[in-house]
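Only one structure is covered here, and it is reproduced in the block below.
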Ligand code: SAM
Ligand code: TMP
Ligand code: ZN
């Protein structure tokens, strides 16, 4: 049953039993992993793509949540630019107030805090919330939902802007979020959020965007349908090149702002492409099977030829790839990553060891499987010497290739 409208959901892919994507395993505690069924479908009534099973939020977002948004230089720049845009477009009145849902380590809010703007981050994961505080960001360590919104309004008054990046798609209880927005936003207030775009996921067969934390896969049309249930509408939409293709949506209460042409144009394009139709979704499913076959075959062949292969980027996305494709320490020696909290741990489910990125040079391997493909530009530039000394990257989005 659809988590937004209660309509029937048609499954289009089942990845089977999967571990939590960000639950890096202590080598002494491999028996304690938690698994759930990862399957995805689309609502036949409102078109919202969503997971069929929901993981309890406290299992995923807690004090030890290991994802640090500031780990990427490109993303830091993206959020600095975003802060400038938001303050120019939505925070020009007297003493404006901005709330960010899922501020993580403060990657965006710290720029607004530095300007002296009234702000608040809402971030349930205690470890990253503390890092944001160290950056001068005011944070509530809570999940955003209806009750949180009421507490914020009581303490700080209404918000002119609620912003959220890569977080709204993590929240199955969208009804509570929208009721909270209605409580929290000033009459003309805006809700701006950005998340991976189903249109790009389908086009690039980026099946690794599907994992426990990514509960929804939005389109303009499905967000329009959800917003309408709560008295909001999409007034603007913008494509973003980050994280493999995202959309930034601007919502206001119905009738407050004439929707831009971009909204109608992208909605029409989605209808033309049939993003919620069984034909398109089944074609994606066939593409996923093809990538699995080609990737596992390539790794098998390289190993048989005696090649050394490592992984680059212990991403949440890679949990889906390794576990669905059956990739383990027999084909990949280890995965390197910049995040200190992941070092010395094992990848969820596959139990491939995680090491610091410095490990790459000692000596360079023959191949590196780029799990962090969404940061390809940044990583291949940083690791130019790997390629120059004869190393090759393996990518699998939009197709399996050696570059
Ligand atoms: N905004 C950052 C970015 O774009 O890099 C962080 C994205 S991170 C993938 C998702 C964040 O959402 C996590 O820090 C998590 O703790 C937080 N989160 C999950 N559920 C939430 C909720 N209900 N309210 C606020 N934050 C939430
Ligand atoms: P993400 O795709 O969810 O943003 O996760 C990216 C992961 O890759 C994260 O664990 C940090 C890691 N990473 C590196 O190890 N080196 C890098 O240069 C970048 C950009 C990310
Ligand atoms: Zn629905």
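Residue numbers (this note's numbering): 1 to 403. Yeah, the Cβ is synthetic: ideal placement off N, Cα and C, and Gly gets one too. Model, not experiment: these values are computed from the prediction.
- Boundaries around residue 81 are those of the alpha helix (DSSP H), 73-90, since no beta strand (DSSP E) includes it.
- Counting C-beta atoms within 10 angstroms of its own C-beta, residue 301 has fewer than 16 neighbours from the protein chains shown and is therefore classed as exposed.
- Annotated as distal: residue 103 and residue 89, with beta-carbon spacing of 9 Å or more.
- Contiguous beta strand (DSSP E) elements confined to the stretch 242-309 occur at 246-253, taking only those with 3 or more residues.
- Excluding its 5 nearest sequence neighbours in each direction, residue 207 has C-beta neighbours in its own chain below 6 Å: 288, listed in chain order.
- In the three-state DSSP reduction, residue 123 falls in the coil class, being neither helix nor strand.
- Around the beta carbon of residue 114, a 10 Å sphere encloses fewer than 16 other beta carbons of the protein chains shown; the residue is thus reported as exposed.
- Residue list for the ligand ZN: 2, 4, 5, 7, 43, 45, 46, 48 (CB closer than 6 Å to any heavy atom, chain order).
- Put simply, of 242, 400, 370, 71 the residue whose alpha carbon is nearest the alpha carbon of residue 200 is 242.
- For residue 24, the three-state secondary structure derived from DSSP is coil.
- Counting only runs of 4+ residues, no alpha helix (DSSP H) is found wholly inside the stretch 318-350.
- Taking C-beta atoms under 8 Å as the contact rule, residue 256 and residue 188 qualify, at a distance of about 6 Å.
- Using a cutoff of 8 Å, the CB of residue 315 does not count as near the ligand SAM, since none of the ligand's heavy atoms is closer than that.
- Short note on residue 312: C-beta closer than 8 Å to some heavy atom of the ligand TMP.
- In this structure, residue 270 and residue 219 form a Cβ contact; the two beta carbons are roughly 5 Å apart against a cut-off of 8 Å.
- Rounded to the nearest whole angstrom, the C-alpha separation of residue 380 and residue 153 is 45 Å.
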